[in-house]
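A.B. asks:
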Amino acid sequence: MPKRPLEFVISAGPTREHIDPVRFLSNPSTGKMGFAVARAAAEAGFKTSLIAGPVSLSTPRNVERVNVVSACEMLEACKAKIASAKGGVVFISTAAVADFRPAVTANKKIKKGSAEEMTLRLVKNPDILKTLSAGKRDGLYKDLSLIGFAAETGSPAEEASRKCREKNLDFIVANDVSMPGSGFAVNTNRASIVFPDGTVEDLALMTKLQLARKIVALAIKGVK
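If you use numbering that gives the first Met the number 0, the sequence shown corresponds to residues 0 to 223, in order.
1. When you compare the region 3-22 with the region 76-96, are there three or more beta-carbon pairs, one atom per stretch, that lie closer than 8 Å?
2. With a 10 Å radius around its C-beta and 16 neighbouring C-beta atoms as the bar for buried, classify A79 as buried or exposed.
3. With hydrogens ignored, establish whether the beta-carbon of K78 is closer than 7 Å to any heavy atom of the ligand FAD.
4. Are V89 and S48 touching if we call contact CB-CB under 8 Å?
5. On the criterion of 16 or more Cβ atoms from any shown chain inside 10 Å, does G33 qualify as buried, or is it exposed?
6. Output the distance between the C-alpha atoms of A37 and L24, rounded to the nearest integer angstrom.
7. Tell me the start and end of each unbroken alpha helix (DSSP H) in the region 106-166 that is at least 4 residues and wholly inside, in chain order.
8. Hey, would you say G86 sits closer than 8 Å to L5, going by beta carbons?
9. In or out: V172 buried (at least 16 other Cβ within 10 Å) or exposed?
10. How far does the alpha helix (DSSP H) with L74 in it extend, from its first residue to its last?
11. Alpha carbon to alpha carbon, how far is G153 from E200?
12. How many Å lie between D169 and S113 at the Cα?
13. Spatial neighbours of V176 within its chain, please: CB distance less than 8 Å, with the 5 preceding and 5 following residues excluded, ordered by chain position.
14. What did DSSP end up calling V36 once you bin it into helix, strand or coil?
15. Can you check which of these residues, L74, E75, A43, is closest to R60 by C-alpha distance?
16. Report the rounded CA-to-CA distance for A76 versus L204, giving the unit in angstroms.
17. Would you identify the three-state DSSP class for L56, choosing helix, strand or coil?
18. Are the CB atoms of I18 and L119 nearer to each other than 8 Å?
19. Determine, using beta carbons only, whether G197 and S160 come nearer to each other than 8 Å.
20. Could you tell me the alpha carbon to alpha carbon distance between S191 and K213, rounded to whole angstroms?
21. Excluding five sequence neighbours on each side, which residues of the same chain lie with their C-beta closer than 6 Å to the C-beta of A70?
22. Measuring straight from C-alpha to C-alpha, what distance separates M178 and N26?
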């Protein structure tokens, strides 16, 4: 596990995968959860970097922000921040990263013309957490803790438990985005903390900042 000095690197917001210069694939993430986590880590006195997709939020105080657009850009920025850290790193992946991107991005606006339909071929984006986990396993990243988020519908804890084991995470935060007060663009969240041994801690509805402070506290406890 990481030893102090400890740094936090947090990914937040959506990614955009451009089809052409004016159209893209994305999702409704506003970045509120990730920005709350960054604020909580900085308030706890840790050097904090925030890798942010396209959002309209102000940067929390004492947080270094790196703006990115696509999933590939976000991965490279996360890798760079982790590699340049002077001590241990806690990486918290709150970003809603697009799973796929267009196989080809047009450099000019695609004209509608007379076509009634268009086929868009997609290719899979890299999995940021899985990539970092592989780097940790292979010794590329030392003293690295990995914490994930699973925004699901239906049975979030079950799917989160699979992701936690598959990506070798310290723990994962799962929430059902279809539930009132825990989806995108709201200031609250109702989450479950899922650990690698299958233990699940269900949390009550709370503000995203309250949840962020709990996540940071758990991360710090795990690396002492």
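Just so it is clear, CB atoms sit at the ideal spot from N, CA and C, and this is done for glycine as well.
C.D. replies: In brief:
1. yes
2. exposed
3. Ligands displayed in this structure: none; no statement on the ligand FAD is therefore possible.
4. no
5. When all chains shown are included, G33 counts as buried.
6. Rounded to the nearest angstrom, the two C-alpha atoms are 26 Å apart.
7. 127-136, 155-165
8. Yes.
9. buried
10. 70-83
11. Each residue's alpha carbon lies about 17 Å from the other.
12. 52 Å
13. Around V176: A150, E151, T152, G182, F183.
14. helix
15. A43
16. Separation of A76 and L204 (C-alpha to C-alpha, rounded to the nearest whole angstrom) is 32 Å.
17. Correct three-state label for L56: coil.
18. yes
19. yes
20. Those two C-alpha atoms are separated by around 12 Å.
21. T14, V96, A97, N124.
22. 17 Å
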